[in-house]
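Residue numbers 2 to 98, in my numbering, belong to the letters of the sequence shown in order.
Glycine residues also receive a C-beta, built at the ideal position from the N, C-alpha and C atoms.
Quantities reported herein were computed from a predicted structural model and do not represent experimental measurements.
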Amino acid sequence: MTYHGSYDFIFVDADKDNYLNYHKRLIDLVKIGGVIGYDNALWNGSVVAPPDAPLRKYVRYYRDFVLELNKALAADSRIEICQLPVGDGITLCRRIS
2 MTYHGSYDFI FVDADKDNYL NYHKRLIDLV KIGGVIGYDN ALWNGSVVAP
52 PDAPLRKYVR YYRDFVLELN KALAADSRIE ICQLPVGDGI TLCRRIS
């Protein structure tokens, strides 16, 4: 609780299978008006590929985790999101409540 609401900006580029867990913990650490950035939000374009698309094994494995995060962020009323199609995609989340 010491760092609750202490950060202006947090950037996450870590194990994709834990992105949603990071979000659950980080949302309380960033100030209202602060931003959390998530790298690899487009995950080699796989997030828009059909389910039966030919994908490399590691891309297919992490794709579901990235999709899960994207869906959770879109439904999170505490944030506004903006997804940037730069590189492999970056999602910026501004905390509004």
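If you reduce the DSSP assignment to three classes, tell me which class residue i lands in.
| i | result |
| --- | --- |
| Tyr20 | helix |
Under 8 Å Cβ to Cβ from residue i, same chain only, skipping five residues before and after it: list those, please.
| i | result |
| --- | --- |
| Arg61 | Ser47 |
| Leu30 | Tyr4, His5, Gly6, Ser7, Tyr8 and Ile11 |
Looking at the secondary structure, which residues open and close the beta strand (DSSP E) in which residue i lies?
| i | result |
| --- | --- |
| Asp9 | Tyr8 to Val13 |
| Arg96 | Ile91 to Arg96 |
How would you call residue i, buried or exposed, if buried means at least 16 neighbouring beta carbons within 10 angstroms?
| i | result |
| --- | --- |
| Lys25 | exposed |
| Ile33 | exposed |
| Tyr85 | Residue identity check: residue 85 is Leu in the sequence provided, not Tyr. Leu85 is exposed by the Cβ-count criterion. |
| Lys17 | buried |
| Ala76 | exposed |
Only counting the same chain, and skipping five residues up and downstream in sequence, which positions put a Cβ closer than 6 Å to that of residue i?
| i | result |
| --- | --- |
| Ser98 | Arg79 |
| Ile37 | Ile11, Leu27, Val31 and Cys94 |
Can you list, in chain order, the residues of its chain with a C-beta nearer than 7 Å to that of residue i? Leave out the 5 residues immediately preceding and following it.
| i | result |
| --- | --- |
| Ala50 | Leu56 |
Runs of 3 residues minimum, wholly inside the segment 27 to 72: which ones carry the beta strand (DSSP E) assignment? 31 to 40
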